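Please read the structure below before turning to the comments.
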Amino acid sequence: MVKLAATTTSESEEAVKETLLNVEKVEKELPEFLSSLSDSEMLSPLQRAHSLFSLAKITNTLFSLKLRCRGVNPRAHPIKSEFERLTLYQRKLQHLFDLAQAQNHHTNVTYQDQQPAQKRKFPSSEADDDQFHPTIQEPILIDLSSDDDHDDH
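If you read the sequence shown in our numbering, its first letter stands for residue -1, the second for the next number, and so on.
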C-alpha cells in the first residue's frame, strides 16, 4: 500500500512539473500569438475567428481548472453559461469552415450549374434588333461629315 502512495505522489509531481513547463511555454508564445491575431495579412478572417475562439476556450478551461483546484464545481458556477455559449459558437464556426471547404472544392462552373435559371434583367446584346424595333425595315444612315467644307464652294 505504501508503494502505491509513493508512486502516485511521484506521478503527481511529474504531472505538476510537466504542466508548469507547458504553462511557461504558453507564456512565452502567447505574445506572438496575440500579435498574429491583430495582423490581418497573416490570418484570414475565418482563421482569426478560429484563433480567438480557441483563446476563449483555453481561458475558460483554465478558469474551470482554477475553480476545481479551489473545490468549486464549475457546473454549479456561472462559468457554465460561458461554456454553453462557446459550444454554440463552436458549432457556428464549424459550419463556416464546412462552407469554406465546400466552396473550395467546387469550381465556378459547377456553382453556376447549380444555380436556378434566371431571366436576365437586361436583354443580351446578341439579340436581334428586330425584336425591339419591328417597324424599322432599313438601316438609318447618318451623315457625320462637316457642312463647312461645302459652304466654301
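Note that beta-carbon positions come from the ideal geometry of N, C-alpha and C, so glycine has one too. All figures in this text were calculated on a predicted structure; none of them were measured in a lab.
Query raised in the report: First and last residue of the alpha helix (DSSP H) that includes P72?
Result: From DSSP, P72 is part of no alpha helix (DSSP H); its letter is neither H nor E.
Query raised in the report: Got a sec, what are the start and stop residues for the alpha helix (DSSP H) E39 sits in?
Result: If you look at E39, you'll find it isn't in any alpha helix (DSSP H); DSSP assigns it neither H nor E.
Query raised in the report: Going along the chain, which residues of its own chain have a beta-carbon closer than 7 Å to the beta-carbon of H47, five neighbours each way excluded?
Result: Reading off the sequence shown, one finds Ala at residue 47, where the question assumed His. Cβ contact annotation for A47 (same chain, cutoff 7 Å, sequence separation greater than five): L91, in chain order.
Requested in this report: Kindly indicate which three-state DSSP category P29 falls into: helix, strand or coil?
Outcome: In the structure shown, the three-state DSSP call for P29 is helix.
Query raised in the report: Should S62 be labelled buried (16 or more other beta-carbon atoms within 10 Å of its own) or exposed?
Result: With 16 or more other Cβ atoms inside 10 Å of its own Cβ, S62 counts as buried.
Query raised in the report: Apart from the five residues on each side of it in sequence, which residues of its chain come closer than 7 Å, Cβ to Cβ, to S34?
Result: Counting only Cβ-Cβ distances below 7 Å, and skipping sequence neighbours, we find M40, L41.
Query - Inter-residue Cα distance where the pair is E12 and N58 - result: If you draw a straight line from the Cα of E12 to the Cα of N58, it is about 24 Å long.
**Report entry** Best match in E16, S52, T6 for proximity to L84 [C-alpha to C-alpha]
**Finding:** When each option's Cα is compared against that of L84, the closest is S52.
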